[in-house]
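Beneath this line is the structure, given in structure tokens, with notes to follow.
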Amino acid sequence: MTDVETKIKQAAATNAELLTILANTEHAIPTAEEHDRLIADLQQQIAETEKKKKNVERKKNITQEQHEKYRDSRVKRFLYKATGKKERYQEKASAEEQKHFAMIQELRDTEDVLASLVSHLGGTVEVKPSLDAEAKKHKDAEIRLEDLYNSIFSGPTPSFPEEDVAEQRYIESSKAYRQAKMDEQKESTCATLLGEAKRQMSKAFQEIDRALQYSRADMFGGGMMMDMMERNHLSECQRWYSESQITVTRAQNASPMVGAMPQVYINTGNIMTDVFFDNIFTDMAFHKEIKRARGEMDRLWGALTHELAASISRRDALRGNATLAEQAVASAREILQVERSKIFDQVLRSTGDAKLIDLAGRGLHTDAKNADDRAGEDLPPYSG
27 MTDVETKIKQ AAATNAELLT ILANTEHAIP TAEEHDRLIA DLQQQIAETE KKKKNVERKK
87 NITQEQHEKY RDSRVKRFLY KATGKKERYQ EKASAEEQKH FAMIQELRDT EDVLASLVSH
147 LGGTVEVKPS LDAEAKKHKD AEIRLEDLYN SIFSGPTPSF PEEDVAEQRY IESSKAYRQA
207 KMDEQKESTC ATLLGEAKRQ MSKAFQEIDR ALQYSRADMF GGGMMMDMME RNHLSECQRW
267 YSESQITVTR AQNASPMVGA MPQVYINTGN IMTDVFFDNI FTDMAFHKEI KRARGEMDRL
327 WGALTHELAA SISRRDALRG NATLAEQAVA SAREILQVER SKIFDQVLRS TGDAKLIDLA
387 GRGLHTDAKN ADDRAGEDLP PYSG
């Protein structure tokens, strides 16, 4: 018995085991790589939002100090009153209060966005260990099988030229499949994020429509309460719009095909105007301002709808490409393993050991069956 024959006989059981592992974990590596990219994107967004939060906190502390300075300054109040400018003092104090409340609202919005990002990151990180374990299992099996075959078929094998050709075809098709799967998963992530951005904008529409209702009531003498409710809903609208913008940015990072979105400016009101200049004309002007913002939101909604449809179309096309690439890998693997199984079978048959012949045959059968099963299977979409 030659050295090659001895090695083949010893490797028969390990060969069958490793072929089964590789067939069952083919999708693991591209899925894990895309998951890592998504985590990195979320971590970057969190870092940027935390930086913004610190900046807003600093500004809020400044406005708070100025607000309290006017509120608690008896000397300034006395001087304004003594010079007959009491109304001027009240106006200035209200202006400082408005700035302070605006910064409080901005800080709250930033904290809400940060909490949402941290929550998304937590859910994404939670499933990472299982994905990494599957990817490691696949890589380990690849290394073990490569070492196994190298120990048997190391270097050119003039006696088995068909095996050399089949091996090269499998390597090339496997690389093509991984790239196709990665492209599909990126676009799938993009479509998911654009859908989430639309859901966030739906919330923004609900808030601005409520603001319009209170604005109409305010034009007919609703008073300060209507102004407060109007501003509250506009602030909530701004918050949901800001969250949608972050989600769109993540979608654009996932797919460079997503275009720029129309910008929206949401005027959340001014307490000085509401208190000191509240009349039918200012109410009508601000009502018009809210309708302008809603018009800009309508344009953004149209752009989101268009980009989402385009992303879904690209995802479906890429999914088809990935399926074809997966089928090519399965076919190339089957051909390669048929060639190697022939060599195993030829050598083992010459030994007359039926048990080893059966084991090699089952290794081929298992791999070919899994390849055929996966060729018609739509892998579950990436949900990170």
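In terms of the numbering used here, the sequence shown is numbered consecutively and its last residue is 410. Cβ atoms here follow ideal geometry from the backbone N, Cα and C, with glycine treated the same way.
Any non-hydrogen atom of the ligand SAH closer than 6 Å to residue 173 Cβ
With respect to small molecules bound, the structure shown includes none, and the ligand SAH cannot be examined in it.
According to the neighbour-count rule (16 or more other Cβ atoms, all chains shown, within 10 Å of its Cβ), is residue 290 buried or exposed?
In the sequence shown, residue 290 corresponds to position 264, counting from 1. Around the beta carbon of residue 290, 16 or more other beta carbons lie within 10 angstroms, which makes this residue buried.
May I have the straight-line CA-CA distance separating residue 165 from residue 58, to the nearest angstrom?
On the sequence shown, residue 165 is found 139 positions in, with the first residue counted as 1. On the sequence shown, residue 58 is found 32 positions in, with the first residue counted as 1. Approximately 12 Å between the Cα atoms of the pair.
7 Å Cβ shell around residue 268 - same chain, five flanking residues per side excluded
Indexing the sequence shown from 1 puts residue 268 at position 242. Contacts found: 135 and 139.
Classify residue 308 as helix, strand or coil using the three-state DSSP reduction.
Reading the sequence shown from its first residue, position 282 is the one you call residue 308. DSSP places residue 308 in helix when its eight states are reduced to three.
Taking just the CA atoms, how far does residue 266 sit from residue 323?
To locate residue 323, count along the sequence shown from 1; it is residue 297. To locate residue 266, count along the sequence shown from 1; it is residue 240. Going from the Cα of residue 323 to the Cα of residue 266 covers about 12 Å.
Please determine, among 321, 337 and 359, the residue with the shortest C-alpha to C-alpha distance to residue 293.
For the purposes of this step, residue 293 is taken as the residue at position 267 of the sequence shown. For residue 293, the nearest C-alpha among the options comes from 321.
Residue range of the alpha helix (DSSP H) that includes residue 208:
Here residue 208 refers to the residue found at position 182 of the sequence shown. Here the alpha helix (DSSP H) through residue 208 covers 187-245.
Mapping the DSSP letters down to three states, classify residue 347 as helix, strand or coil.
Within the sequence shown, numbered from 1, the residue matching residue 347 stands at position 321. Residue 347 falls in the helix class under three-state DSSP.
Exposure of residue 198, with buried meaning 16 or more beta-carbon neighbours within 10 Å
Here residue 198 refers to the residue found at position 172 of the sequence shown. Result: exposed.
Do you know whose CA, among 191, 257, 270 and 306, lies nearest residue 143's CA?
The residue you call residue 143 lines up with position 117 of the sequence shown. That would be 270, whose Cα lies nearest to the Cα of residue 143.
Among 65, 311, 341 and 263, whose alpha-carbon lies nearest the alpha-carbon of residue 154?
As a first step, residue 154 must be located in the sequence shown, where it is residue number 128. Cα-wise, what sits closest to residue 154 is 65.
For the 8 Å Cβ check, are there 3 or more pairs between the region 349-358 and the region 211-226?
no
Could you say which of 330, 234 and 202 lies nearest to residue 274 if we only look at CA atoms?
As a working mapping, residue 274 is identified with position 248 in the sequence shown. Of 330, 234 and 202, the residue nearest in Cα terms is 330.
Any contact between the region 249-259 and the region 232-241? By contact I mean 3 or more CB pairs, one from each, below 8 Å.
The region 249-259 and the region 232-241 touch, with no fewer than 3 CB-CB distances between them shorter than 8 Å.
Does DSSP classify residue 292 as helix, strand or coil?
Taking the first residue of the sequence shown as position 1, residue 292 is located at position 266. Reduced to three states, the DSSP call for residue 292 is coil.
When the distance is taken between beta carbons, is residue 161 closer than 7 Å to residue 54?
Residue numbering aside, residue 54 sits at position 28 when the sequence shown is read from its first letter. Residue numbering aside, residue 161 sits at position 135 when the sequence shown is read from its first letter. Cβ atoms of residue 54 and residue 161: closer than 7 Å.
Could you name the residues of the same chain whose beta carbon sits closer than 8 Å to that of residue 210, not counting the 5 residues immediately before and after it, in chain order?
For the purposes of this step, residue 210 is taken as the residue at position 184 of the sequence shown. Closer than 8 Å at Cβ, skipping near neighbours: 341, 344, 345, 347 and 348.
Residues of its chain near residue 76, where Cβ-Cβ distance is below 8 Å and the 5 sequence neighbours each way are ignored
Residue 76 sits at position 50 when you count from the first residue of the sequence shown. So the list reads 140, once near-sequence residues are dropped.
Can you say whether residue 200 is buried or exposed, counting buried as having 16 or more other CB atoms within 10 angstroms of its CB?
Indexing the sequence shown from 1 puts residue 200 at position 174. By the neighbour-count rule (16 or more Cβ atoms within 10 Å), residue 200 is buried.
For residue 125, which residues from the same chain have a beta carbon less than 6 Å from its beta carbon, with the 5 sequence-adjacent residues on both sides left out?
Along the sequence shown, one-based indexing puts residue 125 at 99. Around residue 125: 89.
Straight-line Cα distance separating residue 159 from residue 35:
Counted from its first residue, the sequence shown places residue 35 at position 9. Counted from its first residue, the sequence shown places residue 159 at position 133. Their backbone Cα atoms lie some 31 Å apart in a straight line.
Taking all protein chains shown into account, do 16 or more other C-beta atoms lie within 10 angstroms of the C-beta of residue 311, making it buried, or fewer, making it exposed?
Against the sequence shown, residue 311 aligns to sequence position 285. It counts as exposed.
Own chain residues within Cβ distance below 6 Å of residue 152, not counting five before or after:
For the purposes of this step, residue 152 is taken as residue 126 along the sequence shown, with counting starting at 1. The answer is none, since no qualifying residue turns up.
For residue 52, which three-state DSSP category applies?
Taking the sequence shown and counting its residues from 1, one reaches residue 52 at position 26. Of the three classes helix, strand and coil, the one that applies to residue 52 here is coil, per DSSP.
Cutoff 7 Å; reference residue 216; Cβ partners in own chain excluding five residues on either side
Indexing the sequence shown from 1 puts residue 216 at position 190. For residue 216, where only same-chain residues beyond five positions count, the Cβ hits under 7 Å are 277, 280, 281, 284 and 337.
Three-state secondary structure (DSSP) of residue 283:
Mapped onto the sequence shown, residue 283 falls at position 257. If DSSP states are grouped into helix, strand and coil, residue 283 belongs with coil.
Can you tell me whether residue 49 is buried or exposed? The criterion is at least 16 other CB atoms within 10 Å of its CB, across all chains shown.
Sequence index remark: in the sequence shown, residue 49 carries index 23 (1-based). Classification for residue 49: buried.
Relative to the alpha-carbon of residue 51, which residue among 167, 62 and 128 has its alpha-carbon at the smallest distance?
Translated into positions along the sequence shown, residue 51 becomes position 25. Among 167, 62 and 128, the Cα nearest to that of residue 51 is on 167.
Can you give the Cα-Cα distance for residue 247 and residue 255, rounded to whole angstroms?
Position 221 of the sequence shown holds residue 247. Position 229 of the sequence shown holds residue 255. Roughly 14 Å separates the two Cα atoms.
For residue 82, name the three-state secondary structure that DSSP assigns.
Residue mapping note: residue 82 aligns to position 56 of the sequence shown, counting from 1. Judged by DSSP in its simplified three-state form, residue 82 adopts helix.
Rounded to whole angstroms, what is the Cα-Cα separation between residue 288 and residue 332?
On the sequence shown, position 262 is the one that residue 288 refers to. On the sequence shown, position 306 is the one that residue 332 refers to. So the two alpha carbons sit approximately 12 Å from each other.
Within 10 angstroms of the Cβ of residue 41, are there 16 or more other Cβ atoms? Answer buried if so, exposed if not.
As a first step, residue 41 must be located in the sequence shown, where it is residue number 15. With 16 or more Cβ atoms within 10 Å of its Cβ, residue 41 is classed as buried.
If you run the structure through DSSP and keep just helix, strand and coil, what is residue 144?
Locating residue 144 in the sequence shown gives position 118, where the first residue counts as 1. Residue 144 falls in the helix class under three-state DSSP.
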